[in-house]
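Sequence order for the protein chains is A and B.
Per numbering that gives the first Met the number 0, the very first residue in the first sequence carries number 0; after that it's consecutive.
Per numbering that gives the first Met the number 0, the very first residue in the second sequence carries number 0; after that it's consecutive.
The beta carbon of each residue, even a glycine, is placed where N, CA and C say it ideally should be.
Fair warning: this is a prediction, and the values are worked out from it, not measured in the lab.
Input: a single structure, listed below in structure tokens.
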Amino acid sequence: MKRAAILTMAFWAGCLTTGTVEQRGAQVDKLLAEQFEPMYNCTPVELAQAEAYMAYARHESSEGRPHTAESYLVKAEENARLAFERSRDRGCLGDRDGDGIPDREDQCPDDPEDFDQFQDQDGCPEPDNDLDGILDPADKCPNQRGPVENGGCPILDADGDGCPDAEDKCPTEFGPKENGCCPIVDTDRDGVPDNEDRCPNQPGPKENGGCPYKLIEITDKMIVLKEKVFFAFGKAIIKPESYPLLNEVAQALKDHPTFVIRIEGHTDNIGSAKANKRLSKQRADSVRKYLISKGIEPSRLTAVGYGPDRPIDDNSTEAGRAINRRVEFHIVNK
Amino acid sequence: MRALYLMVLVVAGACGPIQATTTIVRAEEELRTAKLAAADRDSPYEFTKASLMLDMAKECQGRSEFQSAKEFGDEAIRLAALAKANGPRNARLKQIRMKAPPVPAPSGPSGASSSGGVVR
């Protein structure tokens, strides 16, 4: 009987002590839980010790060692008090969102800062740093605006030619899209871009595919020949050496399809004027026929023979007479 | 048969101490690497608590409370790992708190937020 009474008393003593640990421990737990974030930031060591000693106390209590439990409980309470008081004294307690930025400095005291290295001092989370409508976790470039189709990254166009770098064959050189976004190069500066210029290294009119006319020159009123058209002596047969010259005239007429030309034949004053006039007309006709054979529309060509009537030099010298024997191409209509 | 029974008993009886010892060794190693990572400076809460849990694990082992020793040891391991993981974030936060006045908040939308809170 006596033994049973002792056992009962010991049992109740144990229960009471366990109850005390639980009761006082609950108060410590409550304090630590309520102020965990500020104390974590301000007094982490005291907080850790308070929690650890509470764990010790519970363990000791559960193992039936109330006295050791009590001593650990006291330590837990002491550290919890220290953590609280020191946090309070350091002004840490007002941090509702627990982001470590005190409420008095926190522009969003109820939203914790996201600490993504973008405006981290203001205490506000920035779910979309660049405000491009794509939330940062899904944004490949969270600090640079960009469309969804590019993963939130800006579409780069280094040369500003309107072609995104990814599609730009020359990303650092301004150029139109139709040229692969590369600049239109005109090496010979004749106004004909190299990609359209048959002679990219020789300046020439657009009408001649960017190639120069070598034997002729087109002026306002004439196609000026740089060399003479040669005929068989006293005849209207064109010498083959003049074919390249007339071929270039034909090319010029093709390049200028609106040109209407008057082919003039001229002679010097040697011989009868009548015969000279007939010969000059025949020679002009020969040239006309040659050009027609090269594909020029006959209606664009007329042939006239002036004989010796319109000299341009002195007929008293051989040199002057040679100059007067000539074929001219006059532009009648542009 | 009796010998086998005895052997099973011996092996089963040795399981607890071995596990506890292994856990304590692991916890010590975790704490050592955490210290190397400056977690005692950057994560003082986790590091201090981990150290105290390890102390208690050793105390329990000394009393042959192997189950408790293992439990405290496991907690020490968890906290030491957390100390290492939280270190960089805590260091950044510390820097920010030491900086000058806060910058103005952006005028953009605000709502969804990732937690700046602490993993316990």
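Margin query: Among A:193, A:269, A:292, whose alpha-carbon lies nearest the alpha-carbon of residue 321 (chain A)?
Written below: Position 322 of the first sequence, counting from 1, holds the residue named residue 321 (chain A). Out of A:193, A:269, A:292, A:269 has the C-alpha closest to the C-alpha of residue 321 (chain A).
Check: When the cut-off is 7 Å and only beta carbons count, does residue 92 (chain B) lie next to chain A?
Finding: As a position in the second sequence, residue 92 (chain B) is number 93, starting the count at 1. Chain A, which has a Cβ nearer than 7 Å to the Cβ of residue 92 (chain B), makes this yes.
Item checked: residue 286 (chain A) versus residue 244 (chain A): straight-line alpha-carbon distance, rounded -> Translated into the one-based positions of the first sequence, residue 286 (chain A) becomes position 287. Translated into the one-based positions of the first sequence, residue 244 (chain A) becomes position 245. Approximately 11 Å between the Cα atoms of the pair.
Check: Which word fits residue 11 (chain A), buried or exposed, when buried means at least 16 other C-beta atoms lie within 10 angstroms of its C-beta?
Finding: What you label residue 11 (chain A) is simply residue 12 of the first sequence in a count that begins at 1. Caution applies to residue 11 (chain A), whose pLDDT of 40 falls short of 50 and renders its modelled position unreliable; the value that the coordinates give is listed next. Label assigned to residue 11 (chain A): exposed.
Margin query: At the level of alpha carbons, what is the spacing between residue 95 (chain A) and residue 163 (chain A)?
Written below: On the first sequence, position 96 is the one that residue 95 (chain A) refers to. On the first sequence, position 164 is the one that residue 163 (chain A) refers to. Their backbone Cα atoms lie some 47 Å apart in a straight line.
Note to self: Which residue wins for smallest C-alpha separation from residue 331 (chain A), given the options A:197, A:194, A:258, A:247?
What the structure shows: The count along the first sequence starts at 1 and reaches residue 331 (chain A) at position 332. Of A:197, A:194, A:258, A:247, the residue nearest in Cα terms is A:258.
Note to self: Could you give the first and the last residue of the continuous beta strand (DSSP E) run that contains residue 259 (chain A)?
What the structure shows: Sequence index remark: in the first sequence, residue 259 (chain A) carries index 260 (1-based). Unbroken beta strand (DSSP E) run through residue 259 (chain A): 259-265.
Checklist line | Pairwise C-alpha distance: residue 273 (chain A) and residue 261 (chain A) | finding: One-based indexing of the first sequence puts residue 261 (chain A) at position 262. One-based indexing of the first sequence puts residue 273 (chain A) at position 274. For residue 261 (chain A) and residue 273 (chain A), the distance between alpha carbons rounds to 21 Å.
Note to self: Can you give me the C-alpha to C-alpha distance between residue 106 (chain A) and residue 129 (chain A), rounded to a whole angstrom?
What the structure shows: Start at 1 with the first residue of the first sequence, and residue 106 (chain A) comes out as number 107. Start at 1 with the first residue of the first sequence, and residue 129 (chain A) comes out as number 130. Distance between the alpha carbons of residue 106 (chain A) and residue 129 (chain A): 19 Å.
Notebook entry, point to check: Along chain A, in chain order, which residues have C-beta atoms closer than 9 Å to that of residue 51 (chain B)?
Noted result: Taking the first residue of the second sequence as position 1, residue 51 (chain B) is located at position 52. By Cβ distance, chain A contributes 47, 48, 50, 51, 52, 54, 55.
Margin query: So, for residue 315 (chain A): in the same chain, excluding its five sequence neighbours on each side, which residues have a beta-carbon less than 6 Å away from its beta-carbon?
Written below: Residue mapping note: residue 315 (chain A) aligns to position 316 of the first sequence, counting from 1. So the list is empty, once near-sequence residues are dropped.
Notebook entry, point to check: How many angstroms separate the CA atom of residue 198 (chain A) from the CA atom of residue 291 (chain A)?
Noted result: As a working note, residue 198 (chain A) is residue 199 in the first sequence. As a working note, residue 291 (chain A) is residue 292 in the first sequence. Approximately 27 Å between the Cα atoms of the pair.
Note to self: Strictly under 7 Å for the Cβ-Cβ distance: is residue 114 (chain B) near chain A by that measure?
What the structure shows: In the second sequence, residue 114 (chain B) corresponds to position 115, counting from 1. With a pLDDT of only 36 at residue 114 (chain B), under 50, the local geometry of the prediction cannot be trusted, and the value read off the model is given with reservation. With 7 Å as the cut-off, residue 114 (chain B) counts as an interface residue toward chain A.
Notebook entry, point to check: Short check: CB of residue 44 (chain B) to CB of residue 47 (chain A), under 7 Å?
Noted result: As a working mapping, residue 44 (chain B) is identified with position 45 in the second sequence. As a working mapping, residue 47 (chain A) is identified with position 48 in the first sequence. Yes; because the gap between Cβ atoms is below 7 Å, this pair is in contact.
Next item on the list: Establish whether the CB of residue 47 (chain B) and some CB of chain A are separated by less than 7 Å.
Entry: Taking the second sequence and counting its residues from 1, one reaches residue 47 (chain B) at position 48. Yes, residue 47 (chain B) counts as interfacial toward chain A.
Margin query: Quick check on the DSSP output: the alpha helix (DSSP H) that includes residue 44 (chain B) runs from which residue to which?
Written below: Looking up residue 44 (chain B) in the second sequence gives position 45. Here the alpha helix (DSSP H) through residue 44 (chain B) covers 43-61.
Next item on the list: Taking residue 302 (chain A) as part of the beta strand (DSSP E), name the residues at either end of that continuous run.
Entry: Here residue 302 (chain A) refers to the residue found at position 303 of the first sequence. Where residue 302 (chain A) is concerned, the enclosing beta strand (DSSP E) stretches over 300-306.
Item checked: 8 Å contact criterion, which residue 23 (chain A) and residue 76 (chain A) should meet: CB distance rounded -> Reading the first sequence from its first residue, position 24 is the one you call residue 23 (chain A). Reading the first sequence from its first residue, position 77 is the one you call residue 76 (chain A). The pair is a contact, with the Cβ atoms about 7 Å apart (cut-off 8 Å).
Margin query: Counting only C-beta atoms, is residue 87 (chain B) closer than 7 Å to chain A at any point?
Written below: Taking the first residue of the second sequence as 1, we reach residue 87 (chain B) at position 88. With 7 Å as the cut-off, residue 87 (chain B) does not count as an interface residue toward chain A.
Notebook entry, point to check: Out of curiosity, what's the CA-to-CA distance linking residue 238 (chain A) and residue 226 (chain A)?
Noted result: On the first sequence, residue 238 (chain A) is found 239 positions in, with the first residue counted as 1. On the first sequence, residue 226 (chain A) is found 227 positions in, with the first residue counted as 1. For residue 238 (chain A) and residue 226 (chain A), the distance between alpha carbons rounds to 13 Å.
Check: Does the pairing of the stretch 63-72 of chain B with the stretch 10-29 of chain B give three or more beta-carbon distances under 8 Å?
Finding: yes
Notebook entry, point to check: Over what stretch of residues does the beta strand (DSSP E) that includes residue 215 (chain A) continue unbroken?
Noted result: As a working mapping, residue 215 (chain A) is identified with position 216 in the first sequence. Where residue 215 (chain A) is concerned, the enclosing beta strand (DSSP E) stretches over 215-217.
Check: Is it true that the CB of residue 122 (chain A) sits closer than 7 Å to the CB of residue 133 (chain A)?
Finding: Reading the first sequence from its first residue, position 134 is the one you call residue 133 (chain A). Reading the first sequence from its first residue, position 123 is the one you call residue 122 (chain A). Contact: no.
Check: Hey, how far is the Cα of residue 57 (chain B) from the Cα of residue 55 (chain A)?
Finding: Numbered from 1 along the second sequence, position 58 holds the residue referred to as residue 57 (chain B). Numbered from 1 along the first sequence, position 56 holds the residue referred to as residue 55 (chain A). Using only the alpha carbons, I get a separation of about 12 Å.
Note to self: Out of B:36, B:91, B:52, B:90, which one is the CA nearest neighbour of residue 83 (chain B)?
What the structure shows: By 1-based counting over the second sequence, the position of residue 83 (chain B) is 84. Residue B:36 is the option with its Cα nearest to residue 83 (chain B).
Check: Could you give the residue range of the alpha helix (DSSP H) that holds residue 325 (chain A)?
Finding: Translated into the one-based positions of the first sequence, residue 325 (chain A) becomes position 326. Run containing residue 325 (chain A): none in the alpha helix (DSSP H); it sits in the beta strand (DSSP E), 325-332.
Checklist line | Straight-line gap, residue 21 (chain B) to residue 65 (chain A) (C-alpha atoms, nearest Å) | finding: Within the second sequence, residue 21 (chain B) is the residue found at index 22, counting from 1. Within the first sequence, residue 65 (chain A) is the residue found at index 66, counting from 1. Each residue's Cα considered, the two are about 29 Å apart.
Item checked: For residue 40 (chain B) and residue 74 (chain A), the rounded distance between their alpha carbons -> By 1-based counting over the first sequence, the position of residue 74 (chain A) is 75. By 1-based counting over the second sequence, the position of residue 40 (chain B) is 41. Their backbone Cα atoms lie some 23 Å apart in a straight line.
Check: Whose Cβ in chain A lies nearer than 9 Å to the Cβ of residue 28 (chain B)?
Finding: Along the second sequence, read from residue 1 onward, the residue named residue 28 (chain B) stands at position 29. Ordered by position in chain A, no residue passes the 9 Å Cβ test against residue 28 (chain B), which lies about 20 Å from the chain.
Notebook entry, point to check: Going by other Cβ atoms of all chains shown within 10 Å of its Cβ, with 16 needed for buried, is residue 295 (chain A) buried or exposed?
Noted result: Taking the first residue of the first sequence as 1, we reach residue 295 (chain A) at position 296. So residue 295 (chain A) counts as buried.
Next item on the list: Taking only beta-carbon positions, decide if residue 43 (chain B) is within less than 7 Å of chain A.
Entry: Within the second sequence, residue 43 (chain B) is the residue found at index 44, counting from 1. By this cut-off, residue 43 (chain B) is an interface position.
Item checked: Among A:172, A:143, A:147, the one whose alpha carbon lies nearest that of residue 156 (chain A) -> Residue 156 (chain A) sits at position 157 when you count from the first residue of the first sequence. Answer by Cα proximity: A:172.
Margin query: Within 10 Å of its beta-carbon, does residue 345 (chain A) have 16 or more other beta-carbons around it, so buried, or fewer, so exposed?
Written below: Summary: the structure shown does not reach residue 345 (chain A), with chain A confined to residues 0 through 333, and so no result is reported for it.
Item checked: Strand pairing of residue 222 (chain A), partner residues [DSSP] -> Your numbering for residue 222 (chain A) matches position 223 in the first sequence. DSSP lists A:217, A:328 as partners of residue 222 (chain A).
Check: What residues in the stretch 65-77 of chain B bring their beta carbon closer than 7 Å to a beta carbon of chain A?
Finding: 67
Notebook entry, point to check: Got a sec: is the Cβ-Cβ distance from residue 43 (chain A) to anything in chain B below 7 Å?
Noted result: Position 44 of the first sequence, counted from the start, is the residue given in the question as residue 43 (chain A). With 7 Å as the cut-off, residue 43 (chain A) counts as an interface residue toward chain B.
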